[in-house]
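For reference, the structure is listed below as C-alpha cells.
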Amino acid sequence: MNRNQALQDQAHALGLDPMAPLQIGGRYLPVARDGRCLCVSGQIPRVGTTVVVTGAAGRDVDLAQAQHAARVCAWRALALLKETLGDLDRIDSVLRMGVYVQSAADFTQHSEVADAASDLIHAVLGPAGGHARTTVGVYQLPKNATVELELMVAANDGMTANGMDHSGD
Amino acid sequence: MNRNQALQDQAHALGLDPMAPLQIGGRYLPVARDGRCLCVSGQIPRVGTTVVVTGAAGRDVDLAQAQHAARVCAWRALALLKETLGDLDRIDSVLRMGVYVQSAADFTQHSEVADAASDLIHAVLGPAGGHARTTVGVYQLPKNATVELELMVAANDGMTANGMDHSGD
Amino acid sequence: MNRNQALQDQAHALGLDPMAPLQIGGRYLPVARDGRCLCVSGQIPRVGTTVVVTGAAGRDVDLAQAQHAARVCAWRALALLKETLGDLDRIDSVLRMGVYVQSAADFTQHSEVADAASDLIHAVLGPAGGHARTTVGVYQLPKNATVELELMVAANDGMTANGMDHSGD
Chain F
2 MNRNQALQDQ AHALGLDPMA PLQIGGRYLP VARDGRCLCV SGQIPRVGTT
52 VVVTGAAGRD VDLAQAQHAA RVCAWRALAL LKETLGDLDR IDSVLRMGVY
102 VQSAADFTQH SEVADAASDL IHAVLGPAGG HARTTVGVYQ LPKNATVELE
152 LMVAANDGMT ANGMDHSGD
Chain U
2 MNRNQALQDQ AHALGLDPMA PLQIGGRYLP VARDGRCLCV SGQIPRVGTT
52 VVVTGAAGRD VDLAQAQHAA RVCAWRALAL LKETLGDLDR IDSVLRMGVY
102 VQSAADFTQH SEVADAASDL IHAVLGPAGG HARTTVGVYQ LPKNATVELE
152 LMVAANDGMT ANGMDHSGD
Chain W
2 MNRNQALQDQ AHALGLDPMA PLQIGGRYLP VARDGRCLCV SGQIPRVGTT
52 VVVTGAAGRD VDLAQAQHAA RVCAWRALAL LKETLGDLDR IDSVLRMGVY
102 VQSAADFTQH SEVADAASDL IHAVLGPAGG HARTTVGVYQ LPKNATVELE
152 LMVAANDGMT ANGMDHSGD
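Protein chains in written order, with our numbering: chain F, 2 to 170; chain U, 2 to 170; chain W, 2 to 170.
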C-alpha cells in the first residue's frame, strides 16, 4: 500500500483530521536534517491545541489510553516527516525511536505502550519501518502529557532509481 | 556576528569565565565524532567544579533558576564543540538537542526551561542553530543537577568553499 | 587483544553464557542501520528470560548491584552489534551511550553506575570505545529494570584496508 495513503488511513483510525495543521510548541524545528539523517522533535499527543492524553500511566490513565497517546505521537512524527520530505517513500529506514512514558511508581508496561507506536510505524512504512527503540518511564512530561516520542530516520532525495539501496554506501 | 565571539559574549552574560577549563566527569569523551556527525555528552550546569543549580524544578528551584541551568548547559555544550572543532563556523546544523529537567511531581514547564537553551544556541549559531528537540522531566540527575543537556550536530572540515552545502550529499 | 575474544572474556567475568540467545522484547529491531551508523535498542539487564537486577538504585539495590546491571546491559549491546556486524573489529567509534538509571529520590551516583558500562566498552573495544555519554535518573523502566542502556556506533563494511580511517570522510 502507498505509505502516504496509509498515513491518512491511520489518521482516520485515530479520529484525527489528517489536514489539520500540526501545532508545534517551543523554539525549535519540528524536523532537523543533515544529508540522509533526519531527527524529529519529541512529539506529545497533541490534537489541534489540546494534549489529549495527560497524567501518569498506571495512575491517571490505563494501558489502553497510554497506547492511544503513543499512536497519536507516532502519527504526528510521521506527518511531520511527510511535510518535510513531501513523500514518505523517501524514508529508507527508521534508525531510532525514543519513547518516554509518564509513569506511576509501579507501572512497568512501558514496552507495551511503545509497541502501539511501533505497530503504527510498521503499518505506514512497511518493512522500512523496522527500528531500534529505547523506552523509559519518566516522572513528568511537557504539559503533563502521558507519552513523548521522537524519531531518527534515514531518507533519500527521491532522485535515485531505488531509494532502498543506500544502506550499504 | 562571529559565532566564536558570540559564545564569549554569552559567557559574560551568564557570569562564566570563557577561558576556564571545562570539568568533565566520568570515563567518557566530551565529544565523539564520526565524519560530519558529532555527539556532545550530557552537560550539567557545572561552573569550575561546582554544579551551580541543583534540585527539582518546581520544588527546590523556580523556572528562572532552571532556565539559568539550561543556559549554562547549552553554553558548555557549545564550548566543548569549539574545543573539538577549533571554530564554531564549522557547524552546519544542530540535529538534536536532548533536555532532561529534574522535576517536581506537578512541574510541567519543561518546554519553557528548554527554550532558554534553544535561545542561547540560536544567539550563538544564528540560522544554523535551528534544531530538533526532545525535552522530558526526570526524577533525578547526576550530582542532583536541575538540568542535563546533550547535542548532536553536523559539521564540516573547514576545507570547503561553503560549509552549508553538504546537506544534500 | 582481539575484540571478539574480549567480549567472551567479559561474559565469563559477568557469569553470562556468551552463546545463549539474546532475548529481545517488543516489536522492534535489536539494531537498526543506515550506512556507517548503527543504533542499538535500549538494553535492560536480561539474562535468558530473566531481568537480573530490578528496582531503584539507592532504595532496592545498591551502587554495586546497579553497576552490575549496567555491565550486563553494555555486554548485551556489544553482543548484538557482534551478531549484526559479524565482527566487532568493524566498529570505528562509539558515538553515544545513553544510560537510564531507575533512581530513588535521593540517588545521585548515576555517573558511577554508567562508568561501569563505559569501562566494559573500553575493555572490549580498546581506543575505539571512547564515547559521548548521557546519563539520567528515571522513575521507572520496562519490567522494573534498574538500568537501561543504548548505543549509537559508527562501523565500516570490513572491506577497507584500515577500518579506522573513515572518520574524516
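Quick reminder that beta carbons are idealized off the backbone N, C-alpha and C, glycines included.
Which listed residue (the options) has its alpha carbon closest to that of residue i
| i | options | result |
| --- | --- | --- |
| Ala65 of chain F | F:Gln141, F:Pro19, F:Ala117 | F:Ala117 |
| Arg34 of chain W | F:Val32, F:Val95, F:Gln9, F:Leu81 | F:Val95 |
| Ala133 of chain F | W:Val125, W:Cys40, W:Val148 | W:Cys40 |
| Val102 of chain U | U:Arg28, U:Ala115, U:Cys38, U:Ile122 | U:Ala115 |
| Gln181 of chain W | W:Gly87, W:Asn157, W:Thr147 | Given a span of 2 to 170 for chain W in the structure shown, any question on residue 181 of chain W remains unanswerable. |
| Val47 of chain W | W:Arg37, W:Pro22, W:Val32, W:Ala156 | For clarity, residue 47 of chain W is Arg in the given sequence; the question names Val instead. Taking only the C-alpha atoms, the option nearest Arg47 of chain W is W:Pro22. |
| Thr55 of chain F | F:Ala70, F:Gly49, F:Gly43 | F:Ala70 |
| Thr50 of chain F | F:Gly159, F:Leu121, F:Ala155, F:Ala146 | F:Ala146 |
| Leu150 of chain U | U:Gly36, U:Gly127, U:Leu81 | U:Leu81 |
| Leu89 of chain F | F:Ala155, F:Pro31, F:Ala14 | F:Ala155 |
| Leu8 of chain W | W:Ala57, W:Val53, W:Gly127 | W:Gly127 |
| Leu17 of chain W | W:Asp61, W:Val32, W:Tyr29, W:Val53 | W:Val53 |
| Arg37 of chain W | W:Leu121, W:Pro143, W:Asp93 | W:Asp93 |
| Ala14 of chain W | W:Ala124, W:Ala67, W:Val100 | W:Ala124 |
| Gly131 of chain F | W:Leu30, W:Gly59, W:Asp63, W:Val148 | W:Leu30 |
| Ala67 of chain U | U:Ser112, U:Gln24, U:Arg28, U:Lys83 | U:Ser112 |
| Lys144 of chain U | U:Ala12, U:Ala57, U:Asn3 | U:Ala57 |
| Lys83 of chain U | U:Ile25, U:Ala129, U:Val32 | U:Val32 |
Paired residues, beta bridge with residue i - DSSP
| i | result |
| --- | --- |
| Thr136 of chain W | W:Val100 |
| Val32 of chain U | U:Val41 |
| Met153 of chain W | W:Cys40, W:Arg97 |
| Thr55 of chain W | W:Ala146 |
| Gln141 of chain W | F:Gly138 |
| Arg72 of chain F | Its beta-bridge partners do not exist; DSSP assigns none. |
| Val48 of chain F | F:Thr51 |
Residue i (DSSP reduced to helix, strand or coil)
| i | result |
| --- | --- |
| Asp10 of chain W | helix |
| Met160 of chain W | coil |
| Ile92 of chain F | strand |
| Gln110 of chain F | coil |
| Gln24 of chain U | coil |
| Arg60 of chain F | coil |
| Ala105 of chain W | coil |
| Asn5 of chain F | helix |
| Leu121 of chain W | helix |
| Leu15 of chain F | helix |
| Gly131 of chain W | coil |
| Asp166 of chain W | Residue placement at Asp166 of chain W is flagged as unreliable, the pLDDT there being 40, under the threshold of 50; a coordinate-derived value is accordingly withheld. |
8 Å contact criterion, which residue i and residue j should meet: CB distance rounded
| i | j | result |
| --- | --- | --- |
| Arg91 of chain U | Asn157 of chain U | 5 Å |
| Thr136 of chain W | Gly43 of chain U | 6 Å |
| Ser119 of chain W | Met98 of chain W | 7 Å |
| Gly138 of chain W | Ser104 of chain W | 3 Å |
| Leu142 of chain F | Ile45 of chain F | 7 Å |
| Val62 of chain F | Val100 of chain F | 15 Å between Cβ atoms; not a contact. |
Does the stretch 71-82 of chain F come into contact with the stretch 103-117 of chain W, if we say contact requires no fewer than three beta-carbon pairs (one atom in each stretch) closer than 8 Å? no
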